[in-house]
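Peer 1:
Here it is, written out as structure tokens:
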């Protein structure tokens, strides 16, 4: 333990303890911050991979993220995360896992527009 003589008498290393406490606090903050940054980047990667894996085989290539595909030839949307089609029937918005037979859509060869809006 270091001894130093101050104005009021002998101090038993108070400065040393304060410096050690600051070093511990700094180390704790750096380690904690690094942990949270690492966790955040891992979550982004997982979410991105989930969206890539949920895109249909007939979807356009070259996109790593898509919320909706718009098929202008049929005036139909496809909700990628929920795997549902969105179309109009008698003035009402309909969502379904498959398209009605009246569309007879060739999804592999029709033009598709990627949209990442909350709700088209």
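In this note's numbering, the protein residues as written are 9 to 128.
Glycine included, every Cβ here is placed at the ideal spot set by N, Cα and C.
Considering only DSSP beta bridges, list what residue 77 is partnered with.
Peer 2: Per DSSP, 86 and 122.
Peer 1: Within 10 angstroms of the Cβ of residue 63, are there 16 or more other Cβ atoms? Answer buried if so, exposed if not.
Peer 2: Residue 63 comes out buried.
Peer 1: What does the alpha-carbon distance come out to for the pair residue 78 and residue 85?
Peer 2: Roughly 4 angstroms between the two C-alpha positions.
Peer 1: When DSSP builds the beta bridges, which residues end up paired with residue 92?
Peer 2: DSSP lists 87 as partners of residue 92.
Peer 1: What would DSSP say about residue 103, mapped onto helix, strand or coil?
Peer 2: Correct three-state label for residue 103: strand.
Peer 1: Compute the beta-carbon to beta-carbon distance between residue 119 and residue 80, rounded to the nearest angstrom, for a pair I have assumed lies under 8 angstroms.
Peer 2: Contact holds; Cβ gap of about 6 angstroms.
Peer 1: I think residue 109 touches residue 92, with their Cβ atoms under 8 angstroms apart; what is that distance to the nearest whole Å?
Peer 2: About 17 angstroms separates the two Cβ atoms, so there is no contact after all.
Peer 1: Around the C-beta of residue 76, are 16 or more other C-beta atoms found within 10 angstroms, so that it is buried, or is it exposed?
Peer 2: Buried: at least 16 other Cβ atoms inside 10 Å.
Peer 1: Within 10 angstroms of its Cβ, does residue 95 collect 16 or more other Cβ (buried), or is it exposed?
Peer 2: It counts as buried.
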